[in-house]
Every structure is written in structure tokens, then in C-alpha cells.
């Protein structure tokens, strides 16, 4: 369970972070055929061991090398939509200091409110921090309400050239993750490219990019996912997602020491088992494989 946040923590989380410009991820430039086959074989082996469907898109922004597996197959978004919603708030110029009041019903209906459950008013900035750092569902729903509903995330993605990623429902319904559902889904490739545009590219002005990335760096929910498999010396800015059918996702920027970042989208689900536990060790094992590949 993530640690309990404080109001001071939410107010001070947005320290600036220098970021290189990256207009968009190029078309995938894979590693050599032999290496690619070996990596894909390892990823398929992980799928068999864990009884899961695994989607990976990993791009080294320094070398242009890309690793991908099921990268154009749909997976449930779950809470990986939250940085996209926050980016829409930042891009639309909402007053981050504005107070947002909400009700007991708002909290109860969301299903998860580690921050918003402790009060009944927060600023827009505090809601953004709560949604990303603690995956607070009430905070995310309140941001979606300000944006005009879940489809605002879809519109943001379309405006960035992403024809795939879509959000249709509110928390917590969007996490139902049924097999073959198209609503509330994305692909690893589409999500990674949109995430790169928002955090490294020109989709947001630099101050907003820095604020978004600072919130992602402060995320508390991913210690047992990609973070667990990456070297301790790497810096991570990420957002997890969790849903039914054992769905476990992690969307991240990962900085090896003294190198440009990697863009990582690792999505997983267990379609045959609606009550399966989200498989965090699968994501950690995938991260170890990717770290070895890109080292």
C-alpha cells in the first residue's frame, strides 16, 4: 500500500527537471534480427511462466533502438490514463491553484481515495499530484470532470496523432479489463509514443513538461514493477495501472546514468482469469530483461 501523502508533499512535488526536446518517437528501429529474436523468445517465455499476455514497447531515445512485443495489440489502460488526463489539464491552461470541492459520494464512488478521502477540497495541482503519485481515483475523476469527461483523454491522444488510445469510462469502471474490449484500451506502441510526446516532446511547454515529469518521478505505486527490475542507479518516472483479469501495467521514462532516457510501456493481463492477482513480478522480470538489453 502506498504511504499516506501529506498536503505539503503534494505542494512541493513539482520540482523542475531539465528535459531534452523530442518531437515524436521515430518508427521502431529494432536491434539486430538475432538479438530481437532472442529478446522476443525471452518475453514469450515470461508469458508462459506467468500465464499472461505481455505487451512491450521500449525505446532508447539516445540510440534509437526499440524492443517491441505485441506492441500493436490492445491492452486495458487502467490508471496509465492518469498522466494523460493531467497533461490535458496542463495543456488546457486550467488554474492549478483553484480549489475543487467534492462530496462524500465522489469519494465513495471512485473506489480508491488515499488522498481525497482525507478532506473535501483540494487544489487542481493537488488533484494532479494525487492522481499520479498515489493513483487516487477520486482525484482522477474530478480532473476528468473539469475536462468534460473521459473522452477528453481520447481527444488529447487524437490531437497528438495517436489514433488508438481511448478512454470511455470513469474510475473504477474503466478497470474491468474484459478480453476483447476496445473501450478504455491502448497499445504499448501508441501509449509509449503519446507519453513521449507529452514528457519529452513539444506537446506541452517546458514548464508543464517539467511539472508532469516531477509528479511521475514521485509516483509511489510502482516499487514492485519496473522499478524492482531496473538497476538502482537508474532514475524512473512512471505511472502504474491495475485492473481485473490480473492486469498490471507500468508506463515510464527511465534514465540510465549519464544517458538519455528510455521510454517504456509494459502492459500485461490474464484474459482467462477475471480474479487473477496483478502480476508485478512479471513486470519486474521484463524490466530486468530490458535493462540488460539496453545496457
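Residue numbers (mature numbering (1 follows the signal peptide of the UniProt record, and there is no 0)): -23 to -1, 1 to 272.
The beta carbon of each residue, even a glycine, is placed where N, CA and C say it ideally should be.
All values reported here derive from a predicted model rather than from experimental measurement.
Neighbourhood of residue i by C-beta, 7 Å cutoff - its chain only, sequence neighbours within 5 removed
i: residue 147; result: 118, 121 and 127
i: residue 255; result: 219, 223, 224 and 225
i: residue 166; result: 34, 45, 48 and 49
i: residue 39; result: 236 and 237
i: residue 137; result: 171, 174 and 180
i: residue -22; result: Confidence at residue -22 is low in this model, with a pLDDT of 45, below 50, so the placement of that residue is unreliable and no value is reported for it.
i: residue 73; result: 100, 101 and 102
i: residue 113; result: 89, 90, 91, 92, 93 and 107
i: residue 262; result: 23 and 206
i: residue 129; result: 65 and 121
i: residue 139; result: 167, 170 and 171
i: residue -2; result: Confidence is the limiting factor: at residue -2 the pLDDT is only 43, short of 50, which leaves the residue's position unreliable, though a coordinate-based value still follows. Closer than 7 Å at Cβ, skipping near neighbours: 38, 173, 177 and 178.
i: residue 257; result: 201, 202 and 225
i: residue 5; result: Caution applies to residue 5, whose pLDDT of 47 falls short of 50 and renders its modelled position unreliable; the model cannot decide the point.
Residue from the options whose Cα sits closest to the Cα of residue i
i: residue 243; options: 226, 232 and 85; result: 226
i: residue 197; options: 89, 109, 129 and 188; result: 109
i: residue 88; options: 22, 149 and 158; result: 149
i: residue 229; options: 247, 252, 185 and 177; result: 177
i: residue 65; options: 157, 189, 51 and 93; result: 189
i: residue 36; options: 232, 79, 195 and 30; result: 232
i: residue 155; options: 19, 12, 251 and 29; result: 251
i: residue 209; options: 135, 268, 19 and 18; result: 268
Beta-bridge partners of residue i, as assigned by DSSP
i: residue 147; result: DSSP, once it has assigned bridges, lists no residue as partnering residue 147.
i: residue 226; result: 218 and 244
i: residue 52; result: 163
i: residue 36; result: 43 and 240
i: residue 78; result: 98
i: residue 300; result: Residue 300 lies beyond the stretch modelled for the chain, which goes from -23 to 272, so this question has no answer here.
i: residue 231; result: 213 and 239
i: residue 30; result: 246
Anticipated Cβ contact below 8 Å, residue i with residue j, distance rounded
i: residue 193; j: residue 215; result: 6 Å
i: residue 249; j: residue 206; result: Not confirmed; about 25 Å, so no contact.
i: residue 77; j: residue 98; result: 7 Å
i: residue 27; j: residue 259; result: 4 Å
i: residue 151; j: residue 61; result: The pair is not a contact, with the Cβ atoms about 12 Å apart (cut-off 8 Å).
i: residue 143; j: residue 161; result: 7 Å
i: residue 67; j: residue 185; result: 4 Å
i: residue 314; j: residue 164; result: Past the edges of the chain, shown from -23 to 272, lies residue 314, and the structure says nothing about it.
i: residue 75; j: residue 245; result: In fact, because the Cβ distance is near 37 Å, the residues do not count as touching under 8 Å.
i: residue 286; j: residue 159; result: Outside the displayed range of the chain (-23 to 272) lies residue 286, so it cannot be described from this structure.
Sequence-distant residues of the same chain with beta carbon closer than 6 Å to residue i, five excluded per side
i: residue 204; result: 213
i: residue 71; result: 101
i: residue 169; result: 34, 240 and 242
i: residue 157; result: none
i: residue 58; result: 130 and 144
i: residue 115; result: 83, 84, 87, 90 and 93
Spatial neighbours of residue i in its chain, beta-carbon cut-off 8 Å, leaving aside the 5 residues before and after
i: residue 16; result: 8, 44, 46, 266 and 270
i: residue 123; result: 66, 71, 77 and 101
i: residue 81; result: 97
i: residue 63; result: 105, 108, 109, 120, 189 and 192
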